[in-house]
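Protein chains: 4
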Amino acid sequence: MDKARLEAFSDGVFGFAITLLVLGIQVPSLKTVSEAELRTGLAQCLSQLVPYVTSFATIGIIWLNHHAMFHSVERVEHTTLSLNLLLLLVVTFIPYPTAVLSRYGALPSSTFLYGFVLMLLGVAYSLLWIHISRRKLSRIPVDPWLGKVHIKRNLAGILAYAIAVGIAFRLPQISIFIYFATAVFFFIPIRHQETGGQDQT
Amino acid sequence: MDKARLEAFSDGVFGFAITLLVLGIQVPSLKTVSEAELRTGLAQCLSQLVPYVTSFATIGIIWLNHHAMFHSVERVEHTTLSLNLLLLLVVTFIPYPTAVLSRYGALPSSTFLYGFVLMLLGVAYSLLWIHISRRKLSRIPVDPWLGKVHIKRNLAGILAYAIAVGIAFRLPQISIFIYFATAVFFFIPIRHQETGGQDQT
Amino acid sequence: MDKARLEAFSDGVFGFAITLLVLGIQVPSLKTVSEAELRTGLAQCLSQLVPYVTSFATIGIIWLNHHAMFHSVERVEHTTLSLNLLLLLVVTFIPYPTAVLSRYGALPSSTFLYGFVLMLLGVAYSLLWIHISRRKLSRIPVDPWLGKVHIKRNLAGILAYAIAVGIAFRLPQISIFIYFATAVFFFIPIRHQETGGQDQT
Amino acid sequence: MDKARLEAFSDGVFGFAITLLVLGIQVPSLKTVSEAELRTGLAQCLSQLVPYVTSFATIGIIWLNHHAMFHSVERVEHTTLSLNLLLLLVVTFIPYPTAVLSRYGALPSSTFLYGFVLMLLGVAYSLLWIHISRRKLSRIPVDPWLGKVHIKRNLAGILAYAIAVGIAFRLPQISIFIYFATAVFFFIPIRHQETGGQDQT
Numbered sequence: 698m699d700k701a702r703l704e705a706f707s708d709g710v711f712g713f714a715i716t717l718l719v720l721g722i723q724v725p726s727l728k729t730v731s732e733a734e735l736r737t738g739l740a741q742c743l744s745q746l747v748p749y750v751t752s753f754a755t756i757g758i759i760w761l762n763h764h765a766m767f768h769s770v771e772r773v774e775h776t777t778l779s780l781n782l783l784l785l786l787v788v789t790f791i792p793y794p795t796a797v798l799s800r801y802g803a804l805p806s807s808t809f810l811y812g813f814v815l816m817l818l819g820v821a822y823s824l825l826w827i828h829i830s831r832r833k834l835s836r837i838p839v840d841p842w843l844g845k846v847h848i849k850r851n852l853a854g855i856l857a858y859a860i861a862v863g864i865a866f867r868l869p870q871i872s873i874f875i876y877f878a879t880a881v882f883f884f885i886p887i888r889h890q891e892t893g894g895q896d897q898t
Numbered sequence: 698m699d700k701a702r703l704e705a706f707s708d709g710v711f712g713f714a715i716t717l718l719v720l721g722i723q724v725p726s727l728k729t730v731s732e733a734e735l736r737t738g739l740a741q742c743l744s745q746l747v748p749y750v751t752s753f754a755t756i757g758i759i760w761l762n763h764h765a766m767f768h769s770v771e772r773v774e775h776t777t778l779s780l781n782l783l784l785l786l787v788v789t790f791i792p793y794p795t796a797v798l799s800r801y802g803a804l805p806s807s808t809f810l811y812g813f814v815l816m817l818l819g820v821a822y823s824l825l826w827i828h829i830s831r832r833k834l835s836r837i838p839v840d841p842w843l844g845k846v847h848i849k850r851n852l853a854g855i856l857a858y859a860i861a862v863g864i865a866f867r868l869p870q871i872s873i874f875i876y877f878a879t880a881v882f883f884f885i886p887i888r889h890q891e892t893g894g895q896d897q898t
Numbered sequence: 698m699d700k701a702r703l704e705a706f707s708d709g710v711f712g713f714a715i716t717l718l719v720l721g722i723q724v725p726s727l728k729t730v731s732e733a734e735l736r737t738g739l740a741q742c743l744s745q746l747v748p749y750v751t752s753f754a755t756i757g758i759i760w761l762n763h764h765a766m767f768h769s770v771e772r773v774e775h776t777t778l779s780l781n782l783l784l785l786l787v788v789t790f791i792p793y794p795t796a797v798l799s800r801y802g803a804l805p806s807s808t809f810l811y812g813f814v815l816m817l818l819g820v821a822y823s824l825l826w827i828h829i830s831r832r833k834l835s836r837i838p839v840d841p842w843l844g845k846v847h848i849k850r851n852l853a854g855i856l857a858y859a860i861a862v863g864i865a866f867r868l869p870q871i872s873i874f875i876y877f878a879t880a881v882f883f884f885i886p887i888r889h890q891e892t893g894g895q896d897q898t
Numbered sequence: 698m699d700k701a702r703l704e705a706f707s708d709g710v711f712g713f714a715i716t717l718l719v720l721g722i723q724v725p726s727l728k729t730v731s732e733a734e735l736r737t738g739l740a741q742c743l744s745q746l747v748p749y750v751t752s753f754a755t756i757g758i759i760w761l762n763h764h765a766m767f768h769s770v771e772r773v774e775h776t777t778l779s780l781n782l783l784l785l786l787v788v789t790f791i792p793y794p795t796a797v798l799s800r801y802g803a804l805p806s807s808t809f810l811y812g813f814v815l816m817l818l819g820v821a822y823s824l825l826w827i828h829i830s831r832r833k834l835s836r837i838p839v840d841p842w843l844g845k846v847h848i849k850r851n852l853a854g855i856l857a858y859a860i861a862v863g864i865a866f867r868l869p870q871i872s873i874f875i876y877f878a879t880a881v882f883f884f885i886p887i888r889h890q891e892t893g894g895q896d897q898t
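Written out as structure tokens, the structure reads:
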């Protein structure tokens, strides 16, 4: 299995999923076409932008990390392929909970579903990362310090999602804030060395 | 005709079709927005995940095999192009029966249509495979043992779909199970040689 | 401007447009979910497959020709870029008339619109082809015989669409047949030389 | 971070966003299927083509410029990645205001929203351009004259959008004309040197 084609296919799927998110923002459906009604309708619909931006940032970060992860991988075998397909399965599903959360707002079950899928994303990503590290599929040995930081960050992310999912039935607004804050947190690069730092975003 | 561009175009279509599947899962359409209604609606909609996952796995496997098939192909001529377009025609159509099966559940006709399209997919793939093997378009001669196993697996898959389609009007739930089991079966790699095995998934 | 990136972008757009066609086939919308209703609904919807297959074949052929056209092009300048974007504008629009024709069948105005867009596609393609031939942007001089055959085929295609569009208000069923037959006609490769023939499909 | 993969991902997103625009043009929804009703419906829907063509041209131009900008970039670091994702976030959002403008015509708020997003696009693009120029990430030093022309054009574009957005509540039709004219203006290449000119479209 050629690494280049796996990367190209994955890039395509990441790019498609990130672009499909926009279909989840509803075009207001007006009974009578008038400026007053459209303004009210748009105001409601544009409050749906928070899940859209959060999902965009989350998929964007996973794409960055996916790239960094495969950068030094030398050979791709069956388990890597399978775990990669599992990750893509979760990625392509994200537009669905995003659309539900956009449409119905921060109700307990929409907030729970959204966070649960993000948590699955973290788990699928971690499984792939652990497999690649353990099986020593990488050409370049991973800096142990960086590897530890990476694992800690992933665990912290999954934990944050788990907490947010747990409180979704009581304080859904706070869960939404945690989803957004986690994406921002992952966007901060690990500062350790001049080079390499950006790879570990 | 350049093989690289055929592969790039095919990869795009596979990746796009696999991502479009998510649009087939319905966002619940509620009369009044309330947590109770949303929970019922989501429970109904998420029971639609079986066809989604089955179609995702089936397209994913066909993509893996497509890649393996073209890996050693040297030149691409008109018949290969035509048969490849036929395969892509079936692949791009898959989101439709998936959406029908998701929306209306395992009724006889939705189950029949879904299985019939998967069977067409198996036939289109086999036609392409047979053409490439027969015309000796491959640079590397295919290991005869592997070639036979590959043909047997394809025939077994088509046969399984044919049986499932045949019983769809009586036992649609069992047909659905066969569709899913066939995808899992194709995911098991052929173990024969250390290398090459994963190419023949 | 790098030719490789223009090709990659165009390939992506062709592949996306060809995959989006499936969204034009309606999932039956039933009042009560029952096997009898679904069967009637699916029978109606699947009669919509003719425009789907015709559009798929037409975009597929334009993609093949696009590839053959750029194969020998050496440098890409502003006019080529602009005419290429014009061609892509028509290509991305095709899912719309396809969806209209699928939804409302061979009514005069849906048939007219569909054929008019296919005619525009032929015109946009010919403009690009004429520009590239005239400005001698090709590395390899085009065989004059092949060049003439190519121009004649394009003119024949545009003429066929023009006739079909002309009779759409009287005999829409025949127009639909002409659209389909033209796609089949363009699929037959020009037989002239062993090599190169498939490039001029 | 590999430049090639950033370009491939960005190309995918540009190509996908440009193709998704077509979903914003409504298929007429008829109460009774008749030629008379369909003709009226299509006439209404096809008046929606102006935003479609404007958005297509705008995304097409940004794609051309994006390519020219990264052509000479040597290394990609965290800020470039982040600003590029910001640009893509705006690009993927464009189908939404396009669909709103298509559906409800040149009402003040639909015209305002559309222009506001185009203005954001100009700002996001300029931020990326300024970052790349300032940080001297380019291999080839940018011709200072060309650099100045480029900045002036970007500022002129943002200013044009700002004016159009400002008058959207009074003269929405004129705003629409400005959006379209700005796209045409950006399409005119900078004539300065034989080579390079087309890169600065």
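Chain order of the listed sequences is X, C, W and P.
With my numbering, you'll find the first sequence wraps up at 898, consecutive numbering, no jumps.
With my numbering, you'll find the second sequence wraps up at 898, consecutive numbering, no jumps.
With my numbering, you'll find the third sequence wraps up at 898, consecutive numbering, no jumps.
With my numbering, you'll find the fourth sequence wraps up at 898, consecutive numbering, no jumps.
We put the beta carbon where it would ideally sit given N, CA and C, even for glycine.
Everything numeric in this text was worked out from a predicted model, so none of it was measured.
Residue i - partner residues in DSSP beta bridges
{"i": "P/Val730", "result": "Bridge partners of P/Val730: none, in fact."}
{"i": "C/Val788", "result": "DSSP output for C/Val788 lists no bridge partner at all."}
Supposed contact pair residue j and residue i - C-beta distance, whole angstroms, cut 8 Å
{"i": "W/Val719", "j": "C/Phe790", "result": "6 Å"}
{"i": "P/Leu810", "j": "X/Leu739", "result": "6 Å"}
{"i": "X/Tyr749", "j": "X/Ser799", "result": "7 Å"}
{"i": "P/Gln745", "j": "P/Ile715", "result": "No, P/Gln745 and P/Ile715 are not in contact; Cβ-Cβ is about 17 Å, not under 8 Å."}
{"i": "P/Leu785", "j": "P/Ser707", "result": "6 Å"}
{"i": "W/Ile864", "j": "W/Ile873", "result": "Contact flag wrong, Cβ pair sits at about 11 Å."}
{"i": "C/Ser726", "j": "W/Leu735", "result": "So it is not a contact: roughly 19 Å between Cβ atoms."}
Residues of its chain near residue i, where Cβ-Cβ distance is below 7 Å and the 5 sequence neighbours each way are ignored
{"i": "P/Gly693", "result": "Any answer about residue 693 of chain P is impossible in this case: the structure gives chain P only from 698 up to 898."}
{"i": "W/Leu817", "result": "Val787"}
{"i": "X/Thr776", "result": "His828"}
{"i": "W/Phe877", "result": "Val747 and Thr751"}
{"i": "X/Ile781", "result": "At residue 781 of chain X the sequence reads Asn, which differs from the Ile that was named. Excluding sequence neighbours, X/Asn781 sits near Leu703, Ser707 and Leu825."}
{"i": "C/Asp840", "result": "none"}
{"i": "X/Leu743", "result": "none"}
Cβ shell of residue i (< 6 Å), same chain only, five flanking positions each side left out
{"i": "P/Thr755", "result": "Ala880"}
{"i": "W/Phe713", "result": "none"}
{"i": "W/Ile821", "result": "Checking the displayed sequence, the identity of residue 821 of chain W turns out to be Ala instead of Ile. Excluding residues within five positions, the ones whose Cβ falls inside 6 Å are Leu783, Leu784 and Val787."}
{"i": "C/Asn762", "result": "none"}
{"i": "P/Thr892", "result": "Model confidence at P/Thr892 stands at a pLDDT of 44, short of 50, so the residue's coordinates are unreliable; what they give is reported in the following sentence. Result list for P/Thr892: empty, nothing under 6 Å."}
{"i": "W/Ala701", "result": "none"}
{"i": "W/Thr808", "result": "Ala865, Pro869 and Ser872"}
Unbroken alpha helix (DSSP H) run spanning residue i, endpoints
{"i": "W/Val881", "result": "Pro869 to Phe884"}
{"i": "C/Ile722", "result": "Taken as a continuous stretch (DSSP letters only), C/Ile722 belongs to no alpha helix (DSSP H), as it is neither H nor E."}
{"i": "P/Leu843", "result": "Pro841 to Gly863"}
Own chain, CB closer than 8 Å to residue i, minus 5 neighbours either side, in chain order
{"i": "C/Gly819", "result": "Asn851, Gly854, Ile855 and Tyr858"}
{"i": "P/Phe753", "result": "Ile715 and Leu718"}
{"i": "P/Pro792", "result": "Ala714, Leu717, Leu718, Leu720, Gly721 and Ser752"}
{"i": "P/Val710", "result": "Leu785, Val788 and Thr789"}
Checklist entry - Between the stretch 860 to 890 of chain P and chain W, which residues of the former have CB atoms less than 8 Å from a CB of the latter, in chain order? => result Phe884 and Pro886
Checklist entry - What residues from the stretch 794 to 813 of chain W come within 8 Å of chain P, judged by C-beta to C-beta, listed N to C? => result Ala796, Val797, Arg800, Tyr801, Gly802, Leu804, Pro805, Ser806, Ser807 and Leu810
Checklist entry - Going along the chain, which residues of the stretch 779 to 794 of chain X sit with their C-beta nearer than 9 Å to a C-beta in chain C? => result Along the stretch 779 to 794 of chain X, going in chain order, the ones with a CB nearer than 9 Å to a CB of chain C are Ser779, Leu782, Leu785, Leu786, Val788, Thr789, Phe790, Ile791, Pro792 and Tyr793.
Checklist entry - Using a Cβ cut-off of 7 Å, which residues of the stretch 732 to 745 of chain X contact any Cβ in chain P, in chain order? => result Glu732, Leu735, Arg736 and Leu739: these are the residues of the stretch 732 to 745 of chain X whose beta carbon lies less than 7 Å from some beta carbon of chain P, given in chain order.
Item to check | Members of the stretch 762 to 776 of chain X that neighbour chain C once the beta carbon cut-off is set at 7 Å | outcome: Glu774 and His775
Checklist entry - In chain order, what residues of the stretch 707 to 720 of chain C put their CB closer than 9 Å to some CB of chain X? => result Asp708, Gly709, Phe711, Gly712, Phe713, Ile715, Thr716, Leu717, Leu718, Val719 and Leu720
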